[in-house]
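Asks: Residue numbers (my numbering), protein chains in the order written: chain A, 12 to 212; chain B, 3 to 247.
Before we start, here is the structure in question, set down as structure tokens.
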Amino acid sequence: MEYNGGAVVAMVGKNCVAIACDKRLGVQAMTISTEFKKTFQVTPKTYIGLPGLATDVQTLAEKFRFKVNMYKLKEEREIEPRTLAHLVSSTLYERRWGPWFVEPVVAGLDKENRPFICSTDLIGCINFAKDFVVSGTTSNQLYGMCESLWEPDLEPEDLFETISQALMNAVDRDCLSGWGAEVTIITPDKIITRTLKSRQD
Amino acid sequence: MADRYSFSLTTFSPSGKLVQIEYALNAVNAGVTSIGIKATNGIVVATEKKAVSTLVDDSSLEKVAIICSNIGMVYSGMGPDYRVLVNKARKAAQAYKRIYMEEPPTAILVKEIASVMQEFTQSGGVRPFGVSLLIAGFDESGPMLYQVDPSGSYWPWKATAIGKNMVNAKTFLEKRYNEDIELEDAIHTAILTLKEGFEGQMTENSIEIGVITGIVATKDDGAVILPEFRKLTPSEVKDYLANIV
Chain A
12 MEYNGGAVVA MVGKNCVAIA CDKRLGVQAM TISTEFKKTF QVTPKTYIGL PGLATDVQTL
72 AEKFRFKVNM YKLKEEREIE PRTLAHLVSS TLYERRWGPW FVEPVVAGLD KENRPFICST
132 DLIGCINFAK DFVVSGTTSN QLYGMCESLW EPDLEPEDLF ETISQALMNA VDRDCLSGWG
192 AEVTIITPDK IITRTLKSRQ D
Chain B
3 MADRYSFSLT TFSPSGKLVQ IEYALNAVNA GVTSIGIKAT NGIVVATEKK AVSTLVDDSS
63 LEKVAIICSN IGMVYSGMGP DYRVLVNKAR KAAQAYKRIY MEEPPTAILV KEIASVMQEF
123 TQSGGVRPFG VSLLIAGFDE SGPMLYQVDP SGSYWPWKAT AIGKNMVNAK TFLEKRYNED
183 IELEDAIHTA ILTLKEGFEG QMTENSIEIG VITGIVATKD DGAVILPEFR KLTPSEVKDY
243 LANIV
């Protein structure tokens with residue numbers, strides 16, 4: 012899990028959720044890309060973040076895209092974030108004895124526009140949080156930042172500031188993450204994605 | 003022995019029909035009548051419990067089956083074939099739940115059962131199922147009633163009948179059904195429709211009724227609670243029978 016590096020964090024706000032990731036791809040100490048984003052849009056109102064071993068990040072992003080597309084065709088509706096969380100969990104547990112080296116984060120709004128976030132470990136144990144979830148090589152630093160900065164019912168613009176500060180300062184204390192960040196705010200009307208310029212080291 | 007029957011027994015006739023499926027439908031039409039009616043707030047399915055002799059303990063005979071908490075079904079045709087499909091349906095519902103931690107929507111389960119039934123019309127050494135199913139389920143898009151035939155085709159119905167007396171029963175239903183019917187009326191109508199073709203005395207032990215009714219509720223954390231399918235107890239059936247002169 013510490014081969015490529017990476018960080019993902021998601022937070023709940025007032026009728027909105029935010030998900031953010033860094034953009035570094037490295038091979039241990041050597042940085043080889045600064046455009047490797049780890050968040051992927053799954054439905055118009057749900058995102059999934061996949062930090063961990065880069066090959067598994069790519070493969071699982073494709074696997075989930077496949078499963079969610081099939082779901083949409085069969086059930087003739089978009090998948091709800093809670094259902095997606097269980098789908099992620101069962102997909103990971105299928106490989107219990109040879110796991111995918113990722114620890115996914117799910118963030119989205121359900122059909123009543125209620126915020127939903129959760130994270131799972133690499134074998135599918137779901138953590139349903141009401142405030143924030145963190146994942147990746149920077150998880151310990153992110154826990155510290157989120158615990159101090161997060162407060163309930165933040166408006167989208169304030170949530171953006173909070174999650175950005177939490178991510179930027181956490182990755183500055185992790186040599187395997189950083190090199191830029193991407194923050195996505197999901198509200199009932201629109202999704203805003205912003206790229207942050209951070210310390211390029 | 004197995005290698006001699008590895009070809010498919012359902013082969014096309016020159017007119018483009020699969021005669022095995024036609025014969026399977028004959029088996030269905032020889033079975034006792036079953037009714038299904040969709041109301042605005044739920045669905046009722048009903049069937050006769052025809053025992054071969056008075057010595058049979060009909061309290062242990064189950065024709066209306068619960069597949070998962072929000073879906074139930076009933077049949078007309080061959081009982082043993084039905085039992086196999088009930089088991090496959092229950093397993094399919096639980097397999098869905100293992101992946102998504104949710105009950106399957108009715109349409110999804112119906113598609114699964116229908117593809118199982120279709121497989122048996124295109125595989126070697128097997129014959130089609132000799133049953134038609136009425137599947138009643140309540141999911142987030144509301145109550146839905148489906149009929150599945152031995153060929154694997156399925157249709158959604160507002161009200162229908164299958165089995166021996168289906169023609170008369172459907173004519174009866176066409177007259178009495180309206181889109182705004184509520185469940186209580188629907189149960190009443192279902193019993194009357196069964197009575198039309200009933201041989202002998204209709205008691206609470208000679209018919210089986212399953213209902214699903216309620217609303218889709220949401221818990222605080224966003225999880226959805228669906229109405230539950232249940233069978234009416236003999237005493238409840240007795241009350242309904244008493245209301246019919």
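Idealized CB from N, CA, C, for every residue including glycine.
Along chain B, which residues have their Cβ under 7 Å away from the Cβ of A/GLU86?
Replies: PRO107, ILE110
Asks: What residue range is occupied by the uninterrupted beta strand (DSSP E) comprising B/CYS70?
Replies: 67-70
Asks: Measure the beta-carbon distance from B/MET119 to B/THR35 and round it to whole angstroms, keeping in mind my assumption that it falls under 8 Å.
Replies: Their Cβ separation, rounded to whole angstroms, is 20 Å, which puts B/MET119 and B/THR35 out of contact at 8 Å.
Asks: Alpha carbon to alpha carbon, how far is B/ILE69 from B/LEU185?
Replies: Taking the straight line joining both Cα atoms gives about 21 Å.
Asks: If you measure from the beta carbon of B/GLU114 to each beta carbon in chain A, is any gap under 7 Å?
Replies: no
Asks: Using a Cβ-Cβ cut-off of less than 9 Å, list which residues of the stretch 211-226 of chain B approach chain C; keep chain order.
Replies: This model lacks chain C altogether; the protein chains it does include are A and B.
Asks: For the beta strand (DSSP E) that contains A/PRO126, what are its first and last residues?
Replies: 126-131
Asks: Among all the DSSP beta bridges, which residues are the ones paired with B/TYR242?
Replies: Answer by DSSP bridge pairing: none, since B/TYR242 is not bridged.
Asks: By DSSP's criteria, A/ASN138 is part of a beta bridge. Which residues make up the other side?
Replies: A/SER130
Asks: Note down, one range per segment and in chain order, each alpha helix (DSSP H) of at least 4 residues found wholly within the stretch 57-142 of chain B.
Replies: 81-102, 108-121
Asks: Measure the C-alpha to C-alpha separation of A/ARG93 and A/THR102 and round it to an integer number of angstroms.
Replies: 14 Å
Asks: Give a yes or no on whether 7 Å exceeds the smallest Cβ distance from B/TYR242 to chain A.
Replies: no
Asks: Just checking my contact of A/ILE196 with A/PHE171 at CB under 8 Å: how many whole Å lie between their CB atoms?
Replies: 5 Å
Asks: B/ASP83 and B/VAL133 look like a contact to me (Cβ under 8 Å); what is the Cβ gap, rounded to whole Å?
Replies: 5 Å
Asks: Determine, using beta carbons only, whether A/SER101 comes closer than 7 Å to chain B.
Replies: yes
Asks: Cβ atoms of B/ALA53 and B/ILE211: under 7 Å apart, would you say?
Replies: no
Asks: My understanding is that A/GLY17 touches A/GLY147, with C-beta atoms under 8 Å, so please give their C-beta distance in whole angstroms.
Replies: A/GLY17 to A/GLY147, Cβ: 5 Å. Contact.
Asks: Please tell me whether B/PHE231 and B/ILE214 are closer than 7 Å, where the distance is taken between their beta carbons.
Replies: yes
Asks: Would the stretch 170-188 of chain B and the stretch 201-208 of chain B be scored as touching if the rule is three or more Cβ pairs under 8 Å?
Replies: no
Asks: Within a Cβ cutoff of 8 Å, which residues of the same chain sit near B/SER71, ignoring the five residues on either side of it in sequence?
Replies: GLU105, LEU228, GLU230, PHE231
Asks: Is any beta-carbon of chain B found at less than 7 Å from that of A/ARG107?
Replies: no
Asks: Within the chosen definition, does the stretch 129-143 of chain A reach the stretch 33-44 of chain A through at least 3 CB pairs nearer than 8 Å?
Replies: no
Asks: List the DSSP bridge partners of B/ILE45.
Replies: B/LYS40, B/ILE214
Asks: With 9 Å as the limit, tell me which residues of the stretch 163-196 of chain A have their beta carbon closer than that to any beta carbon of chain B; keep them in chain order.
Replies: none
Asks: Just tell me which of A/GLU89, A/LYS49, A/GLU87, A/GLU91 has its CA closest to the CA of A/ALA72.
Replies: Among A/GLU89, A/LYS49, A/GLU87, A/GLU91, the Cα nearest to that of A/ALA72 belongs to A/LYS49.
Asks: At a Cβ threshold of 7 Å, is B/TYR148 touching chain A?
Replies: no
Asks: Return the chain-ordered list of same chain residues with a C-beta closer than 6 Å to the C-beta of B/VAL46, the five sequence neighbours on each side being excluded.
Replies: ILE39, ALA188, ILE189, ALA192, VAL213
Asks: Between which two residues does the alpha helix (DSSP H) carrying B/ILE193 extend?
Replies: 185-198
Asks: Please tell me whether A/LEU6 and A/VAL20 are closer than 7 Å, where the distance is taken between their beta carbons.
Replies: Summary: the structure shown does not reach residue 6 of chain A, with chain A confined to residues 12 through 212, and so no result is reported for it.
Asks: Consult DSSP for B/SER55 and reduce its assignment to one of helix, strand or coil.
Replies: The answer is coil: DSSP assigns B/SER55 none of H, G, I, E or B.
Asks: Among the residues of its own chain, which have a CB less than 6 Å from the CB of A/ARG205, if the five just before and after it don't count?
Replies: VAL194
Asks: Under DSSP, the beta strand (DSSP E) around A/ASP183 begins and ends at which residues?
Replies: Per DSSP, A/ASP183 belongs to no beta strand (DSSP E) and is neither H nor E.
Asks: If contact is defined by three or more beta carbon pairs under 8 Å, each pair taking one atom from either stretch, is the stretch 87-97 of chain B in contact with the stretch 69-83 of chain A?
Replies: no
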